[in-house]
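First the structure, in the form of structure tokens, and then the observations on it.
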């Protein structure tokens, strides 16, 4: 599946729903498409149903109305005809006439709801019968309708009303009003016929119910269809995504199943072709790397064996140079020194090519960085003395052993201190060791000439020299810092450099204290605070130095850990 | 102990140069350039120490090491151009006592050879007990009851070093200095591998050692006398 919600959804907690739905919306193509499809179809079906319902409703009403009006007209015409044909002389007769007319109206008009009023404003006539109502009362006949009927002698008017039904409820109905002319001067009467529309309303209700049910069924059907269609698309896409992820994670042999000739099959085929190509390339690279590693190993053996012979010979010759004439003696000395340098260079080159081949394995041990650094400083004491530098070690932290490859860390520290001695202009060198929760660090600060900003970025480049004309007194290979950086990275640590012309250089090696911590924050700030420069002044003064002062100066915010 | 040293190396120039260095130091070098002949030469020469190159034509140095170990405890120092973990450890596990990385200087080579060939210092107590073992230092013999356990000189020295101070925990560095003669930081794998080899010979259950016990994070100590 494509949808992968990272947060487990607790459906019992309504408050998490919005977030869960948002996540599903963003994370699932199927969910999004389903919601869109269903919303749009539901909207469309709703509108269609509404339109149809309204159309059917008005159509039903109109046809019923026409029928009602025709019925009423027919009944009224028939009644008027029989009224016109009658001869009346007294009230009783008109009353009887009206009653018989009423019977025929009921028959003709197919409704029993009837009201007959005498049009008001006519002269009182002795013949005029009593108005009567059956079913309809005057409240069902509104004043505007009556007014319209009273004034229009030959017209037919109608109005929608609510008619009483059984059980006290009301049903929709129509009241049709017309005038009847009673014979013999009895005057004009208003005839109102009420028609019950409940039959039509029932039909309408049924039609509308069917309509809505059909709409809902349609929505469900479309939902199901789109779910199925989407399933047939999202499952292959999900498979493709999973397979890509596995391929990216290094499972180079995974492939997509390919079925048929459609676009998904094309996707699968292209993907598989890509995977084949990647697998091939990686295989080739791996072979190349293997060849490279074997080559490095072979070079190592092949070069080292003759070099050993040369070295043994040069040592022997050098040991006996006292017996040579001065020129030969010097030559022996040079040979000896250069063979050593050659060896260093070879060692460094092989180390570098091991990094390049990725074939370095660290040998982890628990070691105190402070102790290790102090050992290195002690071993370099003589060299520092030759250059007139004092090396001061400040260790507010870093006493607890932490996991490292001591051989490599020792090499880094030796390299940094060697550099500091070489470039320190005979000024003191401050080595700081500190730690925090995540990392241990050692900083090596010299107060020499420092470097131009454009040079600082290059110090870790292989064979790079800030000033090519500058001679190397310690005889480094030009690979030392590059190797140191490689070693720091192998530890998951960092090696940072700060340098400013006139203020000196500060290298900080930071090593994580445990597995899984990568490039932790260093307990030693790379850029020294201004008071650090005062340390130089302090250290240069011949007066005995109180180390605690130094610590405070160098560490304005003294951390209490591991003291 | 014989001052004869067998140099097994296919590079004749290096072998000859090593020979020159050894002769100036008073040793008697013999040479073998082919791995396949190394074992016969060893049997013929009966050297007091073998310098063995790891990469050889014919028979691989590690295989030679195993075969020599099968019949003799003679000190073997590997010459290797490789410092890769696997190679060195493989060499040590196959029975080499020490190794020296090319390119080395003559002093280093001679110092390593002398350490391995020095006569064992016989302390006052010539018989010591460690666990259920009896270590007869003068007789150069280790016994469990009546059974004699064959150890190489190095393993014997390692056991004696531990047994000489039964209360003391020896760090790997201390053992490197005392047994291997390293006065600077050296490869602690030497100690680890040889303690494993020693245990395989002297322990009743090497997975649950009683003679040479590990003190986590510090080093090793001799097991209590039983």
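Residue numbers (the numbering used here), protein chains in the order written: chain S, 13 to 575; chain D, 8 to 233.
Cβ atoms here follow ideal geometry from the backbone N, Cα and C, with glycine treated the same way.
Query, Result
"Three-state secondary structure (DSSP) of residue 553/S", "Bear in mind that the predicted position of residue 553/S carries a pLDDT of just 45, short of 50, making it unreliable; the figure below should be weighed with that in mind. In the structure shown, residue 553/S sits in coil (DSSP, three-state: anything other than H, G, I, E or B)."
"Supposed contact pair residue 185/S and residue 207/S - C-beta distance, whole angstroms, cut 8 Å", "6 Å"
"Cut-off 7 Å between Cβ atoms - residues of its own chain near residue 308/S, not counting five sequence neighbours on either side", "362, 365, 366 and 369"
"Cβ neighbours of residue 84/D in the same chain (closer than 8 Å, five flanking residues each side left out)", "56, 57, 58, 59, 103, 104, 105, 106, 107, 119, 120 and 123"
"Cβ shell of residue 426/S (< 6 Å), same chain only, five flanking positions each side left out", "388"
"DSSP-derived helix/strand/coil call for residue 57/S", "helix"
"is_contact[residue 67/D, chain S] using C-beta, thresh 8 Å", "no"
"Spatial distance of residue 230/D from residue 500/S (CA atoms)", "40 Å"
"Cβ neighbour criterion (16 or more within 10 Å) applied to residue 204/S", "buried"
"Proximity below 8 Å, CB of residue 264/S to CB of residue 290/S", "yes"
"Candidates 54/D, 51/D, 52/D and 45/D, of which the one nearest residue 66/D by Cα", "45/D"
"Neighbouring residues, chain D, relative to residue 328/S (Cβ below 8 Å)", "27, 28, 31 and 113"
"Chain D contact for residue 317/S (CB, 8 Å cutoff)", "yes"
"CB contact check: residue 21/D to chain S, cutoff 8 Å", "yes"
"Chain-order list of residues whose beta-carbon lies under 8 Å from that of residue 554/S (same chain, five-residue window excluded)", "Low local confidence applies: a pLDDT of 43 at residue 554/S is under 50, so the model's placement there is unreliable, and no value is given."
"Amino acids of chain S, ordered along the chain, whose beta-carbon sits closer than 7 Å to that of residue 24/D", "321, 324 and 325"
"DSSP-derived helix/strand/coil call for residue 94/S", "helix"
"Contact set between residue 110/D and chain S, taken where Cβ atoms lie within less than 7 Å", "316, 319, 320, 323 and 355"
"Beta-carbon separation (whole angstroms), residue 505/S vs residue 522/S, contact threshold 8 Å", "5 Å"
"Positions along the stretch 334-349 of chain S whose CB lies within less than 9 Å of some CB in chain D", "none"
"Validate contact between the stretch 455-473 of chain S and the stretch 439-446 of chain S using beta carbons, cut 8 Å, 3 pairs", "yes"
"Neighbourhood of residue 72/D by C-beta distance below 7 Å, restricted to the same chain and skipping five residues each side", "59, 83, 98, 101, 102 and 103"
"At least 3 beta-carbon pairs within less than 8 Å: the stretch 321-329 of chain S vs the stretch 347-357 of chain S", "yes"
"Same chain, Cβ closer than 6 Å to residue 198/S, five either side skipped, listed in chain order", "106, 137, 139 and 140"
"Unbroken alpha helix (DSSP H) run spanning residue 379/S, endpoints", "No alpha helix (DSSP H) holds residue 379/S; the beta strand (DSSP E) holding it covers 377-379."
"Integer-rounded CB distance, given that residue 136/D should sit under 8 Å from residue 232/D", "5 Å"
"Three-state secondary structure assigned by DSSP to residue 110/D", "coil"
"Stretch pair the stretch 108-128 of chain S + the stretch 145-162 of chain S: three plus CB contacts closer than 8 Å", "yes"
"Nearest-angstrom Cα separation, counted from residue 224/S out to residue 97/S", "54 Å"
"Closest by C-alpha distance to residue 402/S, when choosing among 418/S, 372/S, 436/S and 420/S", "436/S"
"Euclidean distance between Cα positions of residue 79/S and residue 57/S", "32 Å"
"DSSP state of residue 60/D mapped onto helix, strand, coil", "strand"
"Segment limits, alpha helix (DSSP H) that includes residue 577/S", "Here chain S comprises residues numbered 13 to 575, so residue 577/S is not present and cannot be evaluated."
"Limits of the unbroken alpha helix (DSSP H) element including residue 111/S", "103-121"
"Residue range of the unbroken alpha helix (DSSP H) whose run includes residue 134/D", "Per DSSP, residue 134/D belongs to no alpha helix (DSSP H); it is in the beta strand (DSSP E), 134-137."
"Host alpha helix (DSSP H) of residue 249/S (start-end)", "210-260"
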